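Using UniProt numbering, the letters of the sequence shown correspond one by one to residues 1 to 224.
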Amino acid sequence: MRGAGAGKVRVKSAKGRTAQSTRWLERQLNDPYVRRAKAEGWRSRAAFKLIELDEKFHFVKGSRAVVDLGVAPGGWAQVVRKLSPKAKVVGIDLLPTDPIHGVTLFQMDFMDDKAPALLTETLGDAPDLVISDMAANTVGHAQTDHLRTMGLVEAAAWFAVENLRKGGTFVAKVFAGGTDADLLAILKKHFTTIKHAKPPASRKGSVEWYVVAQGFKGRPEEQG
Ligand SMILES: C[S@@+](CC[C@H](N)C(=O)[O-])C[C@H]1O[C@@H](n2cnc3c(N)ncnc32)[C@H](O)[C@@H]1O
């Protein structure tokens with residue numbers, strides 16, 4: 001590895017390293033968000049996506065009970081605890097997550113039938129915020145990847161609709177083309193405002209977007 005030009009780090013290809021991983025490493029080393037995350041103690045550059053979404057839509061501060069779907073390595077959960085230090089937070093991920101003060105963590109598949117009840121019972125209160133940064137592992141076939149991730153997003157949306165407190169917010173990563181028709185219909189029925197955003201920290205070349213659904217109208221028993 002050596003410095004190049006205006007502070008840009010170049011990574012020499014190395015034995016055993018594929019061209020793809022060399023490019024990944026080079027991008028990481030030159031990414032200002034990666035550097036900032038390291039300097040500021042965030043576990044992921046993704047933390048900035050939530051910070052930027054919150055600057056625009058104001059849903060984290062003041063939240064009291066939060067469910068974080070796809071929590072690992074924990075950047076979003078850190079942001080929630082920083083902006084809302086008293087919030088109870090429950091997170092779930094297929095991968096292990098190092099402990100975070102004030103956050104209960106489960107290493108488990110959110111699609112497991114037992115996961116939703118485990119999350120809500122652990123939280124104790126109805127969540128006022130459900131955030132999902134889950135994405136399916138890509139297989140390289142665009143349509144398959146899109147469908148698998150949309151399946152996760154839809155499950156997250158149903159979880160939000162069945163559990164949120166009235167007035168609550170649901171935020172989820174979606175993919176290019178935004179939210180598909182089925183999901184949009186669910187959200188429109190249950191939330192007063194639905195916005196799509198691509199925060200500056202989301203890489204320009206990536207197909208990810210976020211949907212922010214606010215003003216949950218309430219579970220059927222709360223309406224009327
Ligand atoms: C982009 S990362 C989340 C980053 C996190 N928001 C942060 O700030 O650190 C997406 C996560 O979703 C998780 N994930 C994907 N499918 C999942 C599933 N079915 N159940 C639980 N977690 C899942 C992945 O393991 C991965 O850690």
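Glycine residues also receive a C-beta, built at the ideal position from the N, C-alpha and C atoms. What you are looking at is a predicted structure, and each value in this text was computed from that prediction instead of being measured.
With a 10 Å radius around the Cβ and a threshold of 16 neighbouring Cβ atoms, Q78 comes out buried.
Here the segment 100 to 108 makes no contact with the segment 134 to 148; the two share fewer than three CB pairs at distances below 8 Å. Between ligand 1 and F57, a heavy atom-to-CB distance of less than 7 Å is absent.
Within a 10 Å sphere around the beta-carbon of S63 sit 16 or more other beta-carbons, which makes this residue buried. Cβ neighbours of W42 within its own chain (closer than 7 Å, five residues either side excluded): G75 and Q78. When C-beta atoms of the segment 25 to 40 are compared with those of the segment 91 to 101, fewer than three pairs fall below 8 Å, so the two segments do not count as touching. Here V80 is near V60, since their CB atoms are less than 8 Å apart. Among the bridge pairs identified by DSSP, F59 is matched with none.
Listed in chain order, the beta strand (DSSP E) elements of length 3 or more contained wholly in the segment 68 to 129 are 88 to 93 and 103 to 107. Per the DSSP secondary-structure output, V11 pairs with nothing in a beta bridge. With distances taken between CA atoms, D133 lies nearest to L50 out of R219, G218, L50 and R23. Going by DSSP, V211 is part of no alpha helix (DSSP H) but of the beta strand (DSSP E) stretching over E208 to F216.
Taking the Cα positions, A172 is about 15 Å away from G215. Within the same chain, L187 and A213 come within 6 Å of I194 by CB-CB distance, once the 5 residues on both sides are set aside. Assignment of beta-bridge partners to T169 by DSSP yields L129. Placement of the Cβ of R203 at a distance of 7 Å or more from every heavy atom of ligand 1 is found.
Look at A185: its beta carbon is at least 7 Å from all of the heavy atoms in ligand 1. Non-local beta-carbon contacts of V139 in its own chain, meaning distances under 7 Å to residues more than five positions away in sequence, involve D145 in chain order. In the three-state reduction of the DSSP assignment, H141 falls in the coil class. With a 10 Å radius around the Cβ and a threshold of 16 neighbouring Cβ atoms, G167 comes out exposed.
In this structure, K88 and L123 form a Cβ contact; the two beta carbons are roughly 6 Å apart against a cut-off of 8 Å. Excluding its 5 nearest sequence neighbours in each direction, E154 has C-beta neighbours in its own chain below 6 Å: L183, listed in chain order. Assigned with DSSP and collapsed to three states, A37 falls in helix. Short of 6 Å from the beta carbon of E26, and not among the five residues preceding or following it, lie these beta carbons of its own chain, in chain order: V11.
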